[in-house]
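Please read the structure below before turning to the comments.
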Amino acid sequence: MTNQPLVEIQSLSKSYGDVVALDDVSLSINENEFFALLGPSGCGKTTLLRVIAGFEEPDSGAVLLSGSNLLSLPPHKRPINLMFQSYALFPHLSVERNIAYGLQREKLPKEEIRARVDEVLGTVGLRDKAKSRPAQLSGGQRQRVALARAIVKRPRLLLLDEPLSALDRKVRAEMQLELKRLQHEVGITFVVVTHDQEEAMSMADRIAVMSLGQVLQIDTPIGMYQRPSSVFVADFIGTSNMFAGVAAIGGVDVPNLGLLPGKEAVPAVMGPAYLMVRPEDIQIVEGAGLLTGTVLETQFFGGASTIAVLVPGHDSPIVLTCQGSANVTRGAIAQLSWPAEKAVVLSR
Ligand SMILES: Nc1ncnc2c1ncn2[C@@H]1O[C@H](COP(=O)(O)OP(=O)(O)O)[C@@H](O)[C@H]1O
Ligand SMILES: [Mg+2]
Numbered sequence: 032m033t034n035q036p037l038v039e040i041q042s043l044s045k046s047y048g049d050v051v052a053l054d055d056v057s058l059s060i061n062e063n064e065f066f067a068l069l070g071p072s073g074c075g076k077t078t079l080l081r082v083i084a085g086f087e088e089p090d091s092g093a094v095l096l097s098g099s100n101l102l103s104l105p106p107h108k109r110p111i112n113l114m115f116q117s118y119a120l121f122p123h124l125s126v127e128r129n130i131a132y133g134l135q136r137e138k139l140p141k142e143e144i145r146a147r148v149d150e151v152l153g154t155v156g157l158r159d160k161a162k163s164r165p166a167q168l169s170g171g172q173r174q175r176v177a178l179a180r181a182i183v184k185r186p187r188l189l190l191l192d193e194p195l196s197a198l199d200r201k202v203r204a205e206m207q208l209e210l211k212r213l214q215h216e217v218g219i220t221f222v223v224v225t226h227d228q229e230e231a232m233s234m235a236d237r238i239a240v241m242s243l244g245q246v247l248q249i250d251t252p253i254g255m256y257q258r259p260s261s262v263f264v265a266d267f268i269g270t271s272n273m274f275a276g277v278a279a280i281g282g283v284d285v286p287n288l289g290l291l292p293g294k295e296a297v298p299a300v301m302g303p304a305y306l307m308v309r310p311e312d313i314q315i316v317e318g319a320g321l322l323t324g325t326v327l328e329t330q331f332f333g334g335a336s337t338i339a340v341l342v343p344g345h346d347s348p349i350v351l352t353c354q355g356s357a358n359v360t361r362g363a364i365a366q367l368s369w370p371a372e373k374a375v376v377l378s379r
């Protein structure tokens, strides 16, 4: 088969006493993919990685690697590397010896070790730090050493558990780009765990959103953003305006506000529903809009602005964004509109 996924996870479940850490999780990860597991703390992300790596045994389910059973292999026989949340570098070893450690344990020839360590130091841009100790490096550099140590063994699958969580904001943004570049360059399949939706959106080819041990949705970042399949996903990914009502033909019938237009869900949502509209899909229009409100405040963020509009009969202000500065001021009456196909009907 040519299009066989690299990893197939089939109905994995795992409980610790009363706590269900994984609840019938199924997903597949393609060769060379940058895959993100995204969800709030405690939803089972680390447990899933530990099962794949072999540090944890599931109660039921299967994991296949290139079509063959992975769970029967002990951890060290799996062509997989798990990079921990804390980098766990050896403080007394130099950068190059930290990276060489795993290869030495495999008893590879000295020359090969030297060549591979040098190559990977080049890949992560740390050749000039080869002789330094971890304590002499910045957080971002330590992160690179940990990455180098993980990829030097040339695993088929690299699992990264919250790899950037110890870094400050600016270094994090740099390392997000760096991780993506690195994944392209080394051609290893990456599975990155994060609880940060922006991080997942900016790096991953596809994302699985998890909650309470279950996978709620698997999609590309854009697909997930534009077509969330549940309120949880819509809320977790990006900002959204939610209108609670009852599903109707052409949208959602909202108390006090009437029928608000939206794209019909497939399969159709019946009964209690939300209409979800993203801030950038709402416009202030001349003439009659779908809703009328009063501008509560505007905020300017350099390239774009956020406008909050209070609509009588709706509890929370409606948030919209526009390019550049807002062309309305506080207190102005605003007519709001959006294209029906941009609004998503979700069951409630
Ligand atoms: N070794 C363990 N013993 C008992 N409970 C655990 C253990 N590992 C994880 N859990 C529980 O399983 C759930 C999922 O944990 P985890 O996979 O670490 O979540 P995440 O990585 O998404 O934060 C949590 O409720 C956690 O407390
Ligand atoms: Mg975790």
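Here my numbering is used: the first residue of the sequence shown is 32, the next is one more, and so on.
For glycine and all other residues, C-beta sits at the position ideal for the given N, C-alpha and C.
Every value quoted in this text rests on a predicted model; they were computed, and no experiment measured them.
Beta-carbon proximity check, residue i vs residue j, cutoff 9 Å
{"i": "V264", "j": "M273", "result": "no"}
{"i": "L80", "j": "L68", "result": "yes"}
{"i": "S260", "j": "Q248", "result": "yes"}
{"i": "L129", "j": "P106", "result": "It should be pointed out that residue 129 corresponds to Asn in this sequence rather than to Leu. No, Cβ-Cβ distance for N129 and P106 is not below 9 Å."}
{"i": "A84", "j": "I111", "result": "yes"}
{"i": "F221", "j": "E372", "result": "no"}
{"i": "V340", "j": "G324", "result": "yes"}
{"i": "Q366", "j": "G293", "result": "no"}
{"i": "R434", "j": "T270", "result": "The structure shown has nothing for residue 434, since the chain only spans 32 to 379."}
{"i": "V183", "j": "A278", "result": "no"}
{"i": "Y132", "j": "L124", "result": "yes"}
{"i": "G170", "j": "L198", "result": "yes"}
{"i": "R379", "j": "A304", "result": "yes"}
{"i": "S368", "j": "V316", "result": "yes"}
{"i": "G282", "j": "L290", "result": "yes"}
{"i": "L101", "j": "L95", "result": "yes"}
{"i": "L189", "j": "A179", "result": "no"}
{"i": "L58", "j": "A296", "result": "no"}
{"i": "V56", "j": "L243", "result": "no"}
{"i": "L134", "j": "E143", "result": "yes"}
{"i": "Q207", "j": "E230", "result": "yes"}
Residue i beta carbon near ligand 2 (any heavy atom closer than 8 Å)
{"i": "D192", "result": "yes"}
{"i": "V176", "result": "no"}
{"i": "V224", "result": "yes"}
8 Å contact criterion, which residue i and residue j should meet: CB distance rounded
{"i": "E127", "j": "L152", "result": "7 Å"}
{"i": "C353", "j": "A374", "result": "Actually they do not touch by this definition, with Cβ atoms about 18 Å apart."}
{"i": "P36", "j": "I60", "result": "6 Å"}
{"i": "D6", "j": "G276", "result": "Shown here, the chain extends from 32 to 379; a query on residue 6 therefore has no answer."}
{"i": "Q214", "j": "P194", "result": "The pair is not a contact, with the Cβ atoms about 12 Å apart (cut-off 8 Å)."}
{"i": "G75", "j": "M241", "result": "6 Å"}
{"i": "A177", "j": "M234", "result": "In fact, because the Cβ distance is near 17 Å, the residues do not count as touching under 8 Å."}
{"i": "T225", "j": "D236", "result": "T225 to D236, Cβ: 14 Å. No contact."}
{"i": "S91", "j": "S46", "result": "Their Cβ separation, rounded to whole angstroms, is 10 Å, which puts S91 and S46 out of contact at 8 Å."}
{"i": "P348", "j": "L322", "result": "At roughly 12 Å, the Cβ-Cβ gap does not stay under 8 Å, so P348 and L322 are not in contact."}
{"i": "L191", "j": "V155", "result": "Not confirmed; about 14 Å, so no contact."}
{"i": "I268", "j": "Q228", "result": "5 Å"}
{"i": "V350", "j": "T329", "result": "Their Cβ separation, rounded to whole angstroms, is 11 Å, which puts V350 and T329 out of contact at 8 Å."}
Item checked: Heavy atoms of ligand 1 versus C-beta positions, residues under 5 Å -> Y47, V50, A52, S72, G73, C74, G75, K76, T77 and T78
Next item on the list: May I have a chain-ordered list of the beta strand (DSSP E) segments no shorter than 3 residues that lie completely inside the stretch 225-290?
Entry: 237-242, 245-250, 272-279 and 282-285
Notebook entry, point to check: Going along the chain, which unbroken runs of the beta strand (DSSP E) with 3 or more residues stay wholly within the stretch 49-113?
Noted result: 50-60, 65-69 and 91-96
Next item on the list: Tell me the start and end of each unbroken beta strand (DSSP E) in the stretch 288-318 that is at least 3 residues and wholly inside, in chain order.
Entry: 289-292, 303-308 and 314-316
Next item on the list: Scan the stretch 165-206 and note each continuous beta strand (DSSP E) run of 3 residues or more that stays entirely inside, going in chain order.
Entry: 188-192
Next item on the list: Mind listing, in chain order, the continuous beta strand (DSSP E) runs of no fewer than 3 residues lying wholly within the stretch 315-351?
Entry: 322-331 and 335-341
Notebook entry, point to check: Going along the chain, which unbroken runs of the alpha helix (DSSP H) with 4 or more residues stay wholly within the stretch 128-156?
Noted result: 141-154
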